[in-house]
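Q: The sequence shown begins at 0 in numbering that gives the first Met the number 0 and counts up by one.
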Amino acid sequence: MTRPAAPAEDARLSIHAAGILGLIVIFVVGTARPINLGVVSLAMTFLVGTFVVGEAPRAMYAGFPVDLFVLLAGVTYLFGIASRNGTVERVVDAAVRAARGRRRLVPWVVFVVAALPAMAGAIGSAGVALLAPLAMRLAERSDIDRRLMGLMVVHGAAAGNFSPLNVLGAIVHQAVTSRGLEMSMAVLFAGNLACNVALGAVIVALFGRRRRPGGAPAAALPEAPRPATGLPTARLTVDQFSTLVAIGAVAVVSLGLGLSIGFVALSAAVILHLLFPASSAGAERHIAWTVILLVCGVVTYVGALQRYGTVDAVGEAIAGLESPLTTALLIAAVAAVTSAFASSAGILGAMIPLAVPFMAQGQIGVTGMATAVAISATLVDATPFSTVGALVVANASEAERQEVFRGLLAWGAVMVVTAPVVTWLVFVLPGV
Numbered sequence: 000m001t002r003p004a005a006p007a008e009d010a011r012l013s014i015h016a017a018g019i020l021g022l023i024v025i026f027v028v029g030t031a032r033p034i035n036l037g038v039v040s041l042a043m044t045f046l047v048g049t050f051v052v053g054e055a056p057r058a059m060y061a062g063f064p065v066d067l068f069v070l071l072a073g074v075t076y077l078f079g080i081a082s083r084n085g086t087v088e089r090v091v092d093a094a095v096r097a098a099r100g101r102r103r104l105v106p107w108v109v110f111v112v113a114a115l116p117a118m119a120g121a122i123g124s125a126g127v128a129l130l131a132p133l134a135m136r137l138a139e140r141s142d143i144d145r146r147l148m149g150l151m152v153v154h155g156a157a158a159g160n161f162s163p164l165n166v167l168g169a170i171v172h173q174a175v176t177s178r179g180l181e182m183s184m185a186v187l188f189a190g191n192l193a194c195n196v197a198l199g200a201v202i203v204a205l206f207g208r209r210r211r212p213g214g215a216p217a218a219a220l221p222e223a224p225r226p227a228t229g230l231p232t233a234r235l236t237v238d239q240f241s242t243l244v245a246i247g248a249v250a251v252v253s254l255g256l257g258l259s260i261g262f263v264a265l266s267a268a269v270i271l272h273l274l275f276p277a278s279s280a281g282a283e284r285h286i287a288w289t290v291i292l293l294v295c296g297v298v299t300y301v302g303a304l305q306r307y308g309t310v311d312a313v314g315e316a317i318a319g320l321e322s323p324l325t326t327a328l329l330i331a332a333v334a335a336v337t338s339a340f341a342s343s344a345g346i347l348g349a350m351i352p353l354a355v356p357f358m359a360q361g362q363i364g365v366t367g368m369a370t371a372v373a374i375s376a377t378l379v380d381a382t383p384f385s386t387v388g389a390l391v392v393a394n395a396s397e398a399e400r401q402e403v404f405r406g407l408l409a410w411g412a413v414m415v416v417t418a419p420v421v422t423w424l425v426f427v428l429p430g431v
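#1: Starting from T289, follow the alpha helix (DSSP H) in both directions and report where the run begins and ends.
#2: If contacts are defined as beta-carbon pairs under 8 Å, then A245 and A277 qualify, I think. What distance do you get, rounded to the angstrom?
#3: Which residues mark the beginning and the end of the alpha helix (DSSP H) in which W410 is found?
#4: If we require 4 or more residues per run, which alpha helix (DSSP H) segments fall completely within the segment 16-71?
#5: Can you look up R89 in the DSSP assignment and give me helix, strand or coil?
#6: Tell whether a beta-carbon distance below 8 Å holds between V112 and L130.
#7: Could you check where the alpha helix (DSSP H) with L353 kicks off and where it finishes?
#8: Using a threshold of 8 Å, state whether the C-beta atoms of A371 and A303 are closer than that.
#9: Compute the Euclidean distance between the alpha carbons of V171 and L273, then round it to the nearest angstrom.
#10: Please classify V27 as buried or exposed, where buried requires at least 16 neighbouring CB atoms within 10 angstroms.
#11: Buried or exposed: where does Y60 fall if 16 or more other Cβ atoms within 10 Å of its Cβ makes it buried?
#12: Please confirm if the segment 408-417 is in contact with the segment 313-320, defined as three or more CB-CB distances below 8 Å between the two stretches.
#13: Between the segment 174-183 and the segment 133-148, do three or more beta carbon pairs fall short of 8 Å?
#14: How long is the line joining the alpha carbons of V286 and L192, rounded to whole angstroms?
#15: To the nearest angstrom, how far is it from the Cα of R57 to the Cα of D380?
#16: Touch check for the segment 33-44 and the segment 253-264: three-plus C-beta pairs under 8 Å?
#17: Are the C-beta atoms of A359 and some chain C residue less than 8 Å apart?
#18: Quick check on R2: buried or exposed, where buried means 16 or more other Cβ atoms within 10 Å of its Cβ?
#19: Run the CB neighbour count on G364, radius 10 Å, all protein chains shown included, and call it buried at 16 or more, exposed below.
#20: Using only CA atoms, which one of A389, A331, A185 lies nearest to G168?
#21: Less than 8 Å between the C-beta atoms of A393 and V290, yes or no?
#22: Quick check for students: name the residue ranges of the alpha helix (DSSP H) that lie wholly in the segment 73-155, counting only runs of 4 or more.
#23: Pull up the distance between the alpha-carbon of G120 and that of H154, whole angstroms please.
#24: Among residues of its own chain, excluding the 5 on either side of V336, which ones have a beta-carbon nearer than 7 Å to its beta-carbon?
#25: Run the CB neighbour count on Q239, radius 10 Å, all protein chains shown included, and call it buried at 16 or more, exposed below.
#26: Rounded to whole angstroms, what's the CA-CA distance from P429 to L324? Just pull it up for me.
#27: Among R234, V237, L235, L265, which residue has its Cα nearest to the Cα of V434?
#28: Within a Cβ cutoff of 7 Å, which residues of the same chain sit near C194, ignoring the five residues on either side of it in sequence?
#29: Once the 5 residues before and after V74 are set aside, which same chain residues still bring their CB inside 6 Å of it?
#30: Quick one: Cα of L77 to Cα of T86, how far?
#31: In its own chain, which residues sit with a C-beta less than 6 Å from the C-beta of A81, not counting the 5 before and 5 after it?
#32: Which residue wins for smallest C-alpha separation from E283, given the options S13, V203, L271?
#33: Which of the three DSSP states is assigned to T382 in this structure?
#34: Between F206 and the rest of its own chain, which residues show a CB-CB distance below 6 Å, the 5 nearest in sequence each way excluded?
#35: Sort D142, A93, S162 by Cα distance to M118 and report the nearest one.
#36: Give the secondary structure of P163 by DSSP, where H, G and I count as helix, E and B as strand, and everything else as coil.
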């Protein structure tokens with residue numbers, strides 16, 4: 000007598016096992032050999048999709064993050080033009096003069112400026128896309144560790160998550176309340192803000208005195224002198240003024256009207272290149288193709304795992320455990336691990352509803368559990384495989400890009416491990 004349900008179940012288990020094994024192979028090969036992880040990820044998407052799942056190429060292409068590709072290409076192209084015509088240097092000069100030598104305050108100013116758009120409702124990547132290029136150039140000019148500045152941009156943007164106007168807060172609140180549960184959005188917002196401010200202090204303490212490549216500790220260097228004459232005080236050229244107007248227009252149009260910042264930035268760059276071909280020459284070489292390949296390749300493979308249901312299968316298996324505290328910790332851990340390689344909004348949209356039946360049992364506080372999962376899924380955004388982390392790496396100079404990549408990768412790995420544990424201890428455990 001046949002058992003019709005068994006083959007399908009066995010096939011699903013084989014797909015999930017192959018998908019997880021493929022992810023392990025990607026990082027082992029990418030770590031052991033000097034090869035772009037994105038290339039390995041795309042190859043693994045083909046191997047698993049073709050020989051294990053039996054997908055057509057069209058289905059595999061569907062997982063390619065076109066929005067992320069356009070975002071990274073458009074923003075780095077636009078700021079490549081701004082770099083070529085001297086606009087970035089002018090803005091950085093003005094920021095250095097405004098700081099008046101108070102270099103230790105610069106990272107915190109960047110943190111606050113990064114947080115404001117997110118608090119006002121913009122997705123984190125929008126603010127980071129415009130701020131990261133300027134922040135990284137400011138770090139070079141002020142002799143600040145590039146990893147320090149990059150992480151302050153990332154966590155500043157993360158600090159604005161879950162405000163009453165932010166889309167991530169709406170995702171969490173809707174997922175919980177639509178199923179008849181109640182939670183405190185004030186606790187979620189305040190808890191997330193406190194976590195990111197605390198991490199900002201840790202980042203400054205950790206990287207503020209780290210030795211820069213070939214130099215003394217950054218904090219031991221003399222304060223950056225205030226520029227006197229020359230380029231900072233000269234009038235803006237027509238192409239520089241136009242570039243500043245274009246960048247401002249990108250911010251207004253994308254943040255105000257909700258249009259794709261990648262396409263808007265790309266369009267602005269094309270217009271500037273057509274209007275000022277001489278000063279824009281070579282700007283396309285500033286597009287961070289290696290970073291784009293890396294991030295888009297990894298995200299494509301993780302998208303395949305989500306498409307196969309592997310992430311949901313792991314979450315459902317965890318939710319079926321008998322120990323409420325263990326279940327809560329593991330759900331937060333799955334949210335952190337998967338969000339490190341994928342969209343935080345997408346992961347929250349999947350993990351919060353997955354956790355709702357568990358929260359409805361009443362053994363774990365709803366607000367504490369939702370807060371732990373939400374913060375765990377967003378504190379890991381510093382990894383170079385997330386959108387904001389990739390933007391920071393893409394806007395680092397070519398000579399320092401590998402160091403920034405490794406710094407963000409190490410920090411992100413620490414967040415993946417510690418964020419679920421800390422949020423579990425702070426938000427879940429007291430509510431039991």
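Cβ coordinates follow ideal geometry from the N, Cα and C atoms, glycine included.
A: Well, looking at it:
#1: Looking up residue 289 in the sequence shown gives position 290. Element bounds for T289: 288-307.
#2: Looking up residue 245 in the sequence shown gives position 246. Looking up residue 277 in the sequence shown gives position 278. Your pair A245 and A277 does not check out as a contact, with CB atoms roughly 17 Å apart and the cut at 8 Å.
#3: Position 411 of the sequence shown, counted from the first residue, corresponds to residue 410. First-last of the alpha helix (DSSP H) with W410: 400-422.
#4: Complete alpha helix (DSSP H) runs here, min 4: 36-47, 56-61.
#5: For the purposes of this step, residue 89 is taken as the residue at position 90 of the sequence shown. The answer is helix: DSSP assigns R89 an H, G or I state.
#6: On the sequence shown, position 113 is the one that residue 112 refers to. On the sequence shown, position 131 is the one that residue 130 refers to. Yes, these two residues count as a Cβ contact at 8 Å.
#7: Taking the first residue of the sequence shown as 1, we reach residue 353 at position 354. Going by DSSP, L353 is part of the alpha helix (DSSP H) stretching over 343-359.
#8: Start at 1 with the first residue of the sequence shown, and residue 371 comes out as number 372. Start at 1 with the first residue of the sequence shown, and residue 303 comes out as number 304. For A371 and A303, no; Cβs fall outside 8 Å.
#9: Looking up residue 171 in the sequence shown gives position 172. Looking up residue 273 in the sequence shown gives position 274. Taking the straight line from one Cα to the other gives about 44 Å.
#10: Counting from one through the sequence shown, the residue named residue 27 turns up at place 28. By the 10 Å Cβ count, V27 comes out exposed.
#11: On the sequence shown, position 61 is the one that residue 60 refers to. So Y60 ends up on the exposed side.
#12: Contact between the segment 408-417 and the segment 313-320 is absent, because fewer than three Cβ pairs lie under 8 Å.
#13: Not touching, per the Cβ criterion.
#14: In the sequence shown, the residue the question calls residue 286 occupies position 287. In the sequence shown, the residue the question calls residue 192 occupies position 193. Before going on, a small fix: residue 286 reads as Ile here, not Val. Take the alpha-carbon of I286 and the one of L192: they are about 33 Å apart.
#15: Along the sequence shown, read from residue 1 onward, the residue named residue 57 stands at position 58. Along the sequence shown, read from residue 1 onward, the residue named residue 380 stands at position 381. Each residue's Cα considered, the two are about 29 Å apart.
#16: At 8 Å Cβ cutoff, the stretches do not touch.
#17: In summary, chain C is missing from the structure at hand, where a single protein chain is found.
#18: Residue mapping note: residue 2 aligns to position 3 of the sequence shown, counting from 1. Confidence at R2 is low in this model, with a pLDDT of 42, below 50, so the placement of that residue should be treated as unreliable; the coordinate-derived value is given next. Answer is exposed; the Cβ neighbour count stays below 16.
#19: The residue labelled residue 364 in the question sits at position 365 within the sequence shown. It is buried - the Cβ of G364 has at least 16 other Cβ atoms within 10 Å.
#20: Reading the sequence shown from its first residue, position 169 is the one you call residue 168. Looking at A389, A331, A185, the one whose alpha-carbon comes closest to that of G168 is A185.
#21: If you number the sequence shown from 1, residue 393 lands on position 394. If you number the sequence shown from 1, residue 290 lands on position 291. Yes; because the gap between Cβ atoms is below 8 Å, this pair is in contact.
#22: Whole alpha helix (DSSP H) segments, 4+ residues: 86-98, 105-118, 123-140.
#23: For this step, residue 120 is matched to residue 121 along the sequence shown. For this step, residue 154 is matched to residue 155 along the sequence shown. Each residue's alpha carbon lies about 16 Å from the other.
#24: Here residue 336 refers to the residue found at position 337 when the sequence shown is read from its first residue. Taken in chain order, the residues that qualify are V415.
#25: Position 240 of the sequence shown holds residue 239. Looking at its Cβ environment, which holds 16 or more other Cβ atoms inside 10 Å, Q239 is buried.
#26: Here residue 429 is taken as the residue at index 430 of the sequence shown, counted from 1. Here residue 324 is taken as the residue at index 325 of the sequence shown, counted from 1. Their Cα atoms are separated by approximately 11 Å.
#27: An answer regarding residue 434 cannot be provided, because it is not within the stretch 0 to 431 covered by the chain.
#28: Position 195 of the sequence shown, counting from 1, holds the residue named residue 194. Taken in chain order, the residues that qualify are I374, L378.
#29: Taking the first residue of the sequence shown as position 1, residue 74 is located at position 75. Closer than 6 Å at the Cβ level, and outside the excluded window around V74, lie A128, A264.
#30: Along the sequence shown, one-based indexing puts residue 77 at 78. Along the sequence shown, one-based indexing puts residue 86 at 87. Looking at the two C-alpha atoms, the distance is approximately 11 Å.
#31: Here residue 81 is taken as the residue at index 82 of the sequence shown, counted from 1. The residues V87, T242, in chain order, have a CB closer than 6 Å to that of A81 in the same chain once the five nearest residues on each side in sequence are set aside.
#32: Taking the first residue of the sequence shown as position 1, residue 283 is located at position 284. Ranking S13, V203, L271 by CA distance to the CA of E283 puts L271 first.
#33: Taking the first residue of the sequence shown as 1, we reach residue 382 at position 383. Three-state result, T382: coil.
#34: If you number the sequence shown from 1, residue 206 lands on position 207. When the five nearest sequence neighbours on each side are left out, the beta carbons in the same chain lying within less than 6 Å of the beta carbon of F206 are those of D144, R146, L147, in order along the chain.
#35: The residue given as residue 118 occupies position 119 in the sequence shown. Nearest C-alpha to M118 among D142, A93, S162: S162.
#36: Reading the sequence shown from its first residue, position 164 is the one you call residue 163. P163 falls in the coil class under three-state DSSP.
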